[in-house]
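S.K.: Chains as they are written, first to last, in the numbering used here: chain A, 81 to 449; chain B, 81 to 449; chain C, 81 to 449.
Every residue gets a Cβ at the ideal spot worked out from N, C-alpha and C, and that includes glycine.
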Amino acid sequence: MAVSQPPRQSAGIRLSELVGRLGGERVGADDPLLSGIGSLERAQPGALTFLAHARYRTHLAATRASAVIVGGGDRDATALPRVVVANPYAWYARAAQLLHPAPPVEPGVAASACVEPGAQIDPSAHVGPGAFVAAGARVAARASVGPHCRLFAGAQLGEDSVLVAGVTVYAGCCIGARALVHAGAVIGADGFGFAPDRGAWVKIPHLGRVLIGDDVEIGANTTIDRGTPDDTVIGDGVKLDNLIQVGHSVQIGAHTVIAGCVGIAGSARIGAGCRIGGAAGILGHLQIADGVEVSPFTLVTRSIAEPGKLTGYMPAQPHERWLHNAAHVRHLARMADRINELEARLAAVERAAGAGDEPLPPGPAKGTN
Amino acid sequence: MAVSQPPRQSAGIRLSELVGRLGGERVGADDPLLSGIGSLERAQPGALTFLAHARYRTHLAATRASAVIVGGGDRDATALPRVVVANPYAWYARAAQLLHPAPPVEPGVAASACVEPGAQIDPSAHVGPGAFVAAGARVAARASVGPHCRLFAGAQLGEDSVLVAGVTVYAGCCIGARALVHAGAVIGADGFGFAPDRGAWVKIPHLGRVLIGDDVEIGANTTIDRGTPDDTVIGDGVKLDNLIQVGHSVQIGAHTVIAGCVGIAGSARIGAGCRIGGAAGILGHLQIADGVEVSPFTLVTRSIAEPGKLTGYMPAQPHERWLHNAAHVRHLARMADRINELEARLAAVERAAGAGDEPLPPGPAKGTN
Amino acid sequence: MAVSQPPRQSAGIRLSELVGRLGGERVGADDPLLSGIGSLERAQPGALTFLAHARYRTHLAATRASAVIVGGGDRDATALPRVVVANPYAWYARAAQLLHPAPPVEPGVAASACVEPGAQIDPSAHVGPGAFVAAGARVAARASVGPHCRLFAGAQLGEDSVLVAGVTVYAGCCIGARALVHAGAVIGADGFGFAPDRGAWVKIPHLGRVLIGDDVEIGANTTIDRGTPDDTVIGDGVKLDNLIQVGHSVQIGAHTVIAGCVGIAGSARIGAGCRIGGAAGILGHLQIADGVEVSPFTLVTRSIAEPGKLTGYMPAQPHERWLHNAAHVRHLARMADRINELEARLAAVERAAGAGDEPLPPGPAKGTN
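Structure follows, in structure tokens:
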């Protein structure tokens, strides 16, 4: 989307045309000409908006949008021209793509680009100012290599894929079709592997590649290391946010989404359809099943065999209270021992009381409790 | 400061001249010629140093510096030539800027830069080697676009602002005056927004911009995403350290400072004058009041309505003790239940004892406790 | 290793030649010609593999590799041609480097590079497409400045060192010999230092440098800030993974290894031979002794005077259980108070019981416990 030019404002699309292209049921007599999108609260006349959740229904009456996308249960929640669909948010996303299409890729190689002999650039592809494409690298049809991107020897970029700017694709690494790789991402740097030897470290050569499937988005300054000895593999439809670190030989299953600042250590295998929250971590060599959700700031230290949501961060508090409470975290084991001891001693007292004085007398204390 | 050339050593400035320009009261007969700065312990003759805290007073006697900046309470703590000011550290910072001025911006466009027709470059601005400025982008007076920076269509860089090297400013994003953006920062990549649809993800077009105020500093490889549908807004005087992730449509109030490795999720609104510690996190759609302080490694999961300091990290311990204690974190609820139970049982025992044996006799055990 | 070309497959090296060059004892009559490396499970015929740990012995029988490296205790664990060495993994690393040598550096400056007059480039060094080397910068023998790297005034790159691509070295910063700096790393940006002054922040000029020793590896998009007023110093043999933030005036001792996403605040001094786990943090001005190990996700808040392993992360759990338990973290101090109170009350009850009924009678309850 956000490439070298701003998304274009469309000349306008009739609601009926959107419905014709995307499906759904159009309700209402008017067929407004739509020129953009907006939230319920801020949309301007001419805009398409959507109601994704019942809690926003109160904003519906006041919206200035010209049409609204609703779910089946909200069919009659407004008198505005509307589309009734099963998934309003996804329909909104697709309609937004039609209303604000990405600028087309301009075929050709910029004069300032450096394309080595032996690089294969499809005639329909774009290579931007200052970009570097090494011998043996391949850029497929309609792909776009933005300014100052570099594809080293044998790197491949698939059809309709975009490297926005300053992206590095190391030797032999492959990106599939329709990828969007944001500025500064680094694909295929060496993983962090060294053999300890008498107080120093001997580098393990990293001979595996990074293989990235189709329809993948990779955020700004995210890094994905090459494997050793096996390849690092990112499945189809995976979405990675900014500043994520993916270690060597990691595997990420299809359609898994990972939020910003996550770190994934080497050789972890993450299933398909997982959702990893921001700044989470996954230790090396773990296996995470399909459909696992990891909360933000949570470190996964063991393999997860079943879908489900995993959480492990320290709750925040006002600093003084945290100081008070956190001190005891360091003594939880002792605290548990004391509870054990209390239980044993109390049981002894109870037995003793029971022995000498059984049953417990209904005394005056009872009423005071 | 640290741009393409090292800060210049000044030919020397008299202490009296610094006082003339920055204010403060000069004490002592000598008026040394100062050529640089330094810490109390390492300053060389000719250097200006400062005493910001009483705990460093012991270093004052031994310093080799030629002049020292002190607060009112330390007026007589040294016989060195000195300046008495309300805020020694801020005065030191300003004096250091005068003693080591940043090199002036060299007007002109490097031969290897790629400036598209329709880009507006002020004649006093600098565009460095290999930089790319797209049609419709604007570079204001005395601004500097370092090597391999890219400003896409409609991007704007304000007066006296510096992009050091390899900085990306996506289409339509605006940076105010006197900004300093360090190498590798990415301004305006798409936010992380996808609508789930039958096991896959539909991209939400990101149509908002990033708007950055005046006097902002942005650290190396920090990423600030564009908004959807609203803009991402960074207030005047905000300071962002390295490797920070700012999500789509986030708002950060004036003069807030954020340390390295922090992640801020989409649509969070952070007030003015906040201080966010390193590697902290703020979840999406939260509102943080002005003047809030967040400790390092702390995840903020709720809106904060009042100033104050929030903390939430797990205390570190020797590994074996941590293993011991951390195991109990997983059973705190059970531990709390057991305490509840103990209290109830003990109360029952006390009632029983009280019923049969009231008041508690002053027995021999008392003396042994 | 992974630079502009893929590691080269060697024409083949006899096992006896590897032993001749690297030491070790060759066992078995055959002297296979080896052309590559592989894991026990995936190695192909012609490959060299290794057995680093007894738990992988089960894979040894089935391996298709042509030779295997073993420790002394596994000398007879296979009939394959083998090398017996003290440290199989380190020997494997060195053999892999011989079997897959990095491509040689091609001397010369690319036509599209921008080398200012006054830059010193050794004739045997390589300066790649679009790279920028400022006046006063120095590139030593056989060093390689990859595409779009920039060395500002006075920066130095040592012999045989490699900047892969898009690396920034700020003015005056020095990198030693045999360094490998991955794409997007930023060496020498200003540290995060500002003096508060009436609600705003005054920048502290950063005049120190970054000094990096020999044999250092720096990961992709890692940032190392320059110091103020003292230099930031990275010792010989240090290995830094991707996306690490090293603050101003930090010192890191020789052969310390730091995993991805770690943040180190200003003026921390880390000893030699330390191991810092992924996404750990170290607060400013701390001193960490030699040989300290820090677990992943652990924040170090105090100086560490002795070797040892430090840990402090919150254990992860299924989300519902975490909710249950984490709530009590906020009330640990109260929980501790209640245990204190229980102990006091129980002691009183025990004393009372002891006073009235001493010794405790051996009652029927005893047998039920």
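(1) For my contact list, B/C341 and B/G364 are in at a C-beta cut-off of 8 Å; report their separation, rounded to the angstrom.
(2) What beta strand (DSSP E) runs, 3 residues minimum, are completely inside the region 345-399 of chain C?
(3) Which residues, in chain order, does the region 366-380 of chain C contribute to contact with chain B at a C-beta distance below 7 Å?
(4) Count the other CB atoms, across all protein chains shown, that sit within 10 Å of the CB of B/S203; report buried if there are 16 or more and exposed otherwise.
(5) Just the Cα atoms here: how many angstroms apart are A/Q177 and A/G392?
(6) Taking DSSP as the reference, what is the three-state secondary structure of A/E186?
(7) To which residues of the same chain is C/A193 closer than 6 Å at the C-beta, ignoring the five residues directly before and after it?
(8) State yes or no: is the C-beta of C/G238 within less than 9 Å of the C-beta of C/G216?
(9) Determine the direct distance from the alpha carbon of C/V296 to that of B/A141, and round the result to whole angstroms.
(10) So the candidates are C/G346, C/L323, C/I324 and C/G317; which of them puts its Cα closest to the Cα of C/Q331?
(11) Going by DSSP in three states, B/S146 sits in which element: helix, strand or coil?
(12) With burial defined as no fewer than 16 other Cβ atoms inside 10 Å of the residue's Cβ, what is the status of C/S224: buried or exposed?
(13) Using 10 angstroms around the beta-carbon of C/P309, count the other beta-carbons present and answer buried if the total reaches 16, otherwise exposed.
(14) Distance, Cα to Cα, A/G264 vs C/V266?
(15) From the beta carbon of A/V429, is the nearest beta carbon of chain B less than 9 Å away?
(16) Only counting the same chain, and skipping five residues up and downstream in sequence, which positions put a Cβ closer than 8 Å to that of C/G353?
(17) For A/V409, which residues in chain B fall below 8 Å Cβ to Cβ?
(18) What is the DSSP secondary structure of C/D310, reduced to helix, strand or coil?
(19) Along the region 312-328 of chain B, where does the CB come closer than 8 Å to a CB of chain C? Name the residues.
(20) 9 Å is my cut-off, CB to CB: does B/F130 come that close to chain A?
(21) From A/F232, A/Q200 and A/I117, pick the residue whose C-alpha is nearest to that of A/G252; which is it?
(22) Using a C-beta to C-beta distance shorter than 9 Å, which residues of chain C count as neighbours of B/P398?
(23) Taking all protein chains shown into account, decide if C/E430 is buried (16 or more other Cβ within 10 angstroms of its Cβ) or exposed.
(24) By the 8 Å beta-carbon criterion, what residues does the region 219-233 of chain B contribute toward chain A?
(25) Closest Cβ-Cβ distance between B/Q200 and chain C: below 9 Å?
(26) By Cβ distance, which residues of its chain are closer than 7 Å to B/G246, with the 5 residues on each side in sequence left out?
(27) Does C/D110 have its Cβ less than 9 Å from a Cβ in chain A?
(28) Within this structure, are the beta carbons of C/G226 and C/V213 separated by less than 9 Å?
(29) Determine, using beta carbons only, whether C/G358 comes closer than 9 Å to chain A.
(30) Report the three-state DSSP secondary structure of C/P439 (helix, strand or coil).
(31) Considering only residues of the region 84-122 of chain B, which uninterrupted alpha helix (DSSP H) runs meet the minimum length of 4 residues and lie entirely inside it, listed in chain order?
(32) I'd like to check one pair, B/G268 with B/I304: are the Cβ atoms closer than 9 Å?
(33) For the structure I just gave you, are there three or more beta carbon pairs, one from the region 180-192 of chain A and one from the region 119-133 of chain A, closer than 8 Å?
(34) A/A147: buried (16+ other C-beta within 10 angstroms of its C-beta) or exposed?
(35) Go through its chain and collect everything with a Cβ distance to A/S119's Cβ below 8 Å, but skip five positions before and after it.
(36) For a test of the three-state rule: what should DSSP assign to B/Q124, helix, strand or coil?
M.R.: This is what the structure holds:
(1) Taking the first residue of the second sequence as position 1, residue 341 of chain B is located at position 261. Taking the first residue of the second sequence as position 1, residue 364 of chain B is located at position 284. About 18 Å separates the beta carbons of B/C341 and B/G364, which is beyond the 8 Å limit, so they are not a contact pair.
(2) As far as the region 345-399 of chain C is concerned, its whole beta strand (DSSP E) runs of at least 3 residues are 372-374 and 388-391.
(3) Taking 7 Å as the Cβ-Cβ cut-off against chain B, the residues of the region 366-380 of chain C that qualify are S375, T378, L379 and V380.
(4) Taking the second sequence and counting its residues from 1, the one referred to as residue 203 of chain B is at position 123. As written in the sequence, residue 203 of chain B is Pro, which differs from the Ser given in the question. Exposed, because fewer than 16 other Cβ atoms sit within 10 Å of the Cβ of B/P203.
(5) In the first sequence, the residue the question calls residue 177 of chain A occupies position 97. In the first sequence, the residue the question calls residue 392 of chain A occupies position 312. If you take the alpha carbons of A/Q177 and A/G392, they lie about 37 Å apart.
(6) Within the first sequence, residue 186 of chain A is the residue found at index 106, counting from 1. A/E186: coil per DSSP, three-state reduction.
(7) Along the third sequence, read from residue 1 onward, the residue named residue 193 of chain C stands at position 113. Cβ neighbours of C/A193 beyond the five flanking positions: V207 and A211.
(8) Indexing the third sequence from 1 puts residue 238 of chain C at position 158. Indexing the third sequence from 1 puts residue 216 of chain C at position 136. No, the Cβ-Cβ distance between C/G238 and C/G216 is not below 9 Å.
(9) In the second sequence, the residue the question calls residue 141 of chain B occupies position 61. In the third sequence, the residue the question calls residue 296 of chain C occupies position 216. Between B/A141 and C/V296, the C-alpha separation is close to 40 Å.
(10) Along the third sequence, read from residue 1 onward, the residue named residue 331 of chain C stands at position 251. When C/G346, C/L323, C/I324 and C/G317 are compared, the shortest CA-CA separation from C/Q331 is found for C/G346.
(11) As a first step, residue 146 of chain B is located in the second sequence; it is residue number 66 there, counting from the start. Assigned with DSSP and collapsed to three states, B/S146 falls in coil, not helix or strand.
(12) Locating residue 224 of chain C in the third sequence gives position 144, counting from the first residue. Taking all protein chains in view, the Cβ of C/S224 is crowded by 16 or more other Cβ atoms within 10 Å, so the residue is classified as buried.
(13) Here residue 309 of chain C is taken as the residue at index 229 of the third sequence, counted from 1. With 16 or more Cβ atoms within 10 Å of its Cβ, C/P309 is classed as buried.
(14) Mapped onto the first sequence, residue 264 of chain A falls at position 184. Mapped onto the third sequence, residue 266 of chain C falls at position 186. Each residue's alpha carbon lies about 12 Å from the other.
(15) Residue numbering aside, residue 429 of chain A sits at position 349 when the first sequence is read from its first letter. At least one C-beta of chain B is nearer than 9 Å to the C-beta of A/V429.
(16) Along the third sequence, read from residue 1 onward, the residue named residue 353 of chain C stands at position 273. Setting aside the 5 residues that flank it on each side, C/G353 is surrounded in the same chain by G333, A334, H335, T336, D370 and G371, each with a C-beta closer than 8 Å to its C-beta; the list follows chain order.
(17) Looking up residue 409 of chain A in the first sequence gives position 329. Here the neighbours are M394, P395, N405 and V409.
(18) Along the third sequence, read from residue 1 onward, the residue named residue 310 of chain C stands at position 230. C/D310 sits in coil when the DSSP states are folded into three classes, being neither helix nor strand.
(19) Shown in chain order are the members of the region 312-328 of chain B whose Cβ falls below 8 Å from a Cβ of chain C: G317, K319, D321, N322 and L323.
(20) Numbered from its first residue, the second sequence carries residue 130 of chain B at position 50. Among the CB atoms of chain A, none fall inside 9 Å of the CB of B/F130.
(21) Here the question's residue 252 of chain A lines up with position 172 in the first sequence. Ranking the options by Cα distance to A/G252, first place goes to A/F232.
(22) By 1-based counting over the second sequence, the position of residue 398 of chain B is 318. By Cβ distance, chain C contributes G388, K389, L390 and T391.
(23) Start at 1 with the first residue of the third sequence, and residue 430 of chain C comes out as number 350. The residue in question, C/E430, is buried, as its Cβ has 16 or more Cβ neighbours within 10 Å.
(24) For the region 219-233 of chain B, which is checked against every Cβ of chain A, the residues closer than 8 Å are H228, R230, F232 and A233.
(25) Here residue 200 of chain B refers to the residue found at position 120 when the second sequence is read from its first residue. Under the Cβ criterion of 9 Å, B/Q200 is not counted among the residues facing chain C.
(26) Working through the second sequence from its first residue, we reach residue 246 of chain B at position 166. Same-chain partners within the cutoff: H228, C229, A263 and G264.
(27) In the third sequence, the residue the question calls residue 110 of chain C occupies position 30. Contact with chain A is absent for C/D110, since none of that chain's Cβ atoms lies less than 9 Å from the residue's Cβ.
(28) Residue numbering aside, residue 226 of chain C sits at position 146 when the third sequence is read from its first letter. Residue numbering aside, residue 213 of chain C sits at position 133 when the third sequence is read from its first letter. No, the Cβ-Cβ distance between C/G226 and C/V213 is not below 9 Å.
(29) One-based indexing of the third sequence puts residue 358 of chain C at position 278. C/G358 counts as touching chain A.
(30) As a first step, residue 439 of chain C must be located in the third sequence, where it is residue number 359. A caution first: C/P439 carries a pLDDT of 45, below 50, which makes its placement in the model unreliable, though a value can still be read off. Secondary structure at C/P439: coil, using DSSP grouped into helix, strand and coil.
(31) Here the runs fully enclosed are 95-102.
(32) As a working mapping, residue 304 of chain B is identified with position 224 in the second sequence. As a working mapping, residue 268 of chain B is identified with position 188 in the second sequence. For B/I304 and B/G268, yes; Cβs fall inside 9 Å.
(33) Under the 8 Å Cβ criterion, the region 180-192 of chain A does not count as touching the region 119-133 of chain A, having fewer than three qualifying pairs.
(34) Looking up residue 147 of chain A in the first sequence gives position 67. Looking at its Cβ environment, which holds 16 or more other Cβ atoms inside 10 Å, A/A147 is buried.
(35) Within the first sequence, the letter at position 39 stands for residue 119 of chain A. T129, listed in sequence order.
(36) Here residue 124 of chain B is taken as the residue at index 44 of the second sequence, counted from 1. Looking at B/Q124 - three-state DSSP - the assignment turns out to be coil, as it is neither helix nor strand.
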